[in-house]
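Notes follow once the structure below has been shown.
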Amino acid sequence: MSRLRIFAEGDPSTPLLSTREHGEIANQLAAIGVRFEQWQASAELEPGASHEAVLSAYRGDIDRIVAEKGFKTVDVVSIAPDNPKREEMRAKFLAEHFHKEDEVRFFVDGSGLFTLHVGERIYEIRCEKGDLIGVPDSTLHWFDMGPEPRFVAIRFFTEPDGWVGHFTDSGLAERFPRYEPGAAG
Ligand SMILES: [Fe+2]
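Each residue of the sequence shown is one higher than the one before, counting from 4 in my numbering.
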């Protein structure tokens, strides 16, 4: 189930707010310029569906976002818990960083944890199947796919030369919760 928790920058132990209500999550995130939507597939997708079938099932929403934001490419990434490179992939964006383009991800299946650092607040968003998140360029954040990652996501890109993270070395991400998909609460 999707969840937003908001923390004070200096206190990773006690959330100021915790909600699983989609409208409330979207409102809280809209207030800091972050897009959060729920999309419905236009066709049933079987596990292991081709990337073409995934893109086709969400074509209307994809085209809307592309037209609005001017993205140049859209792709699909699938990561399974037995992926031999899962540790390396998980480690890549676990520390605080930003990009010079928006980070827009739609979770076709599975889940992941985006955490944003805006002003003196930390916004931790557990994204689940059906969630779209749009993090504006230059927003400080990190992403945890967990120790046994499992997700299929649609990604949107503006720049042709790949996805670059600019790291802050703040150490902030290391003080906040990591992703534990099985944990209660
Ligand atoms: Fe990122």
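We put the beta carbon where it would ideally sit given N, CA and C, even for glycine.
Since this is a predicted model, take the numbers as computed values, not measurements.
Check your understanding: So what does DSSP say about D112, is it helix, strand or coil?
Key -> Residue mapping note: residue 112 aligns to position 109 of the sequence shown, counting from 1. Residue state, collapsed to three classes: strand.
Point to revise | Short Cβ contact (8 Å threshold) for W145 with F96 | key: On the sequence shown, position 142 is the one that residue 145 refers to. On the sequence shown, position 93 is the one that residue 96 refers to. Cβ atoms of W145 and F96: closer than 8 Å.
Exercise for review: Could you tell me if the beta carbon of H144 falls within a distance shorter than 7 Å of some heavy atom in ligand 1?
Suggested key: As a first step, residue 144 is located in the sequence shown; it is residue number 141 there, counting from the start. It does: the Cβ of H144 is within 7 Å (strictly closer) of some heavy atom of ligand 1.
Check your understanding: Tell me the DSSP bridge mates of S21?
Key -> On the sequence shown, position 18 is the one that residue 21 refers to. DSSP lists R8 as partners of S21.
Exercise for review: Take R129 as the anchor and find which of F109, A46 and D14 has the nearest alpha-carbon.
Suggested key: Translated into positions along the sequence shown, residue 129 becomes position 126. That would be F109, whose Cα lies nearest to the Cα of R129.
Practice item. On the DSSP bridge assignment, give the partners of V79 in chain order. Key: The residue labelled residue 79 in the question sits at position 76 within the sequence shown. Answer is I157.
Check your understanding: Under the criterion of a Cβ to heavy atom distance below 7 Å, does G168 qualify as lining ligand 1?
Key -> Position 165 of the sequence shown holds residue 168. Yes - ligand 1 has a heavy atom lying nearer than 7 Å to the Cβ of G168.
Exercise for review: Indicate whether E99 and A176 have their beta-carbon atoms separated by less than 8 Å.
Suggested key: The count along the sequence shown starts at 1 and reaches residue 99 at position 96. The count along the sequence shown starts at 1 and reaches residue 176 at position 173. Cβ atoms of E99 and A176: closer than 8 Å.
Exercise for review: Since I believe R181 is in contact with D140 (beta carbons under 8 Å), could you give me their beta-carbon distance rounded to a whole number of angstroms?
Suggested key: For this step, residue 140 is matched to residue 137 along the sequence shown. For this step, residue 181 is matched to residue 178 along the sequence shown. Contact flag wrong, Cβ pair sits at about 25 Å.
Exercise for review: Using alpha carbons as the reference points, say which of R8, E12, L32 and E27 lies closest to S21.
Suggested key: Residue numbering aside, residue 21 sits at position 18 when the sequence shown is read from its first letter. Looking at the Cα atoms, R8 is the closest of the given residues.
Check your understanding: Can you tell which of F179, V155 and T142 has the C-alpha that lies nearest to the C-alpha of F170?
Key -> Within the sequence shown, residue 170 is the residue found at index 167, counting from 1. The option with the nearest alpha carbon to F170 is T142.
Point to revise | Close beta carbons around E151, own chain, < 8 Å, minus the five adjacent residues each side | key: Here residue 151 is taken as the residue at index 148 of the sequence shown, counted from 1. Counting only Cβ-Cβ distances below 8 Å, and skipping sequence neighbours, we find P84, R89 and P184.
Point to revise | Cutoff 7 Å; reference E131; Cβ partners in own chain excluding five residues on either side | key: For this step, residue 131 is matched to residue 128 along the sequence shown. Taken in chain order, the residues that qualify are M4, S5, F110 and S114.
Check your understanding: In chain order, what residues of the same chain lie with their CB nearer than 7 Å to the CB of G137, ignoring the 5 residues before and after it?
Key -> Residue mapping note: residue 137 aligns to position 134 of the sequence shown, counting from 1. Contacts found: V37, R38, D105 and V107.
**Study point:** V121 (DSSP reduced to helix, strand or coil)
**Key:** Counted from its first residue, the sequence shown places residue 121 at position 118. Three-state DSSP puts V121 in a strand.
Check your understanding: Once you ignore the five residues that flank P18 on each side, which residues in its own chain have a CB closer than 7 Å to its CB?
Key -> Stepping through the sequence shown from its first residue, residue 18 is reached at position 15. Only R8, I9 and F10 meet the Cβ criterion.
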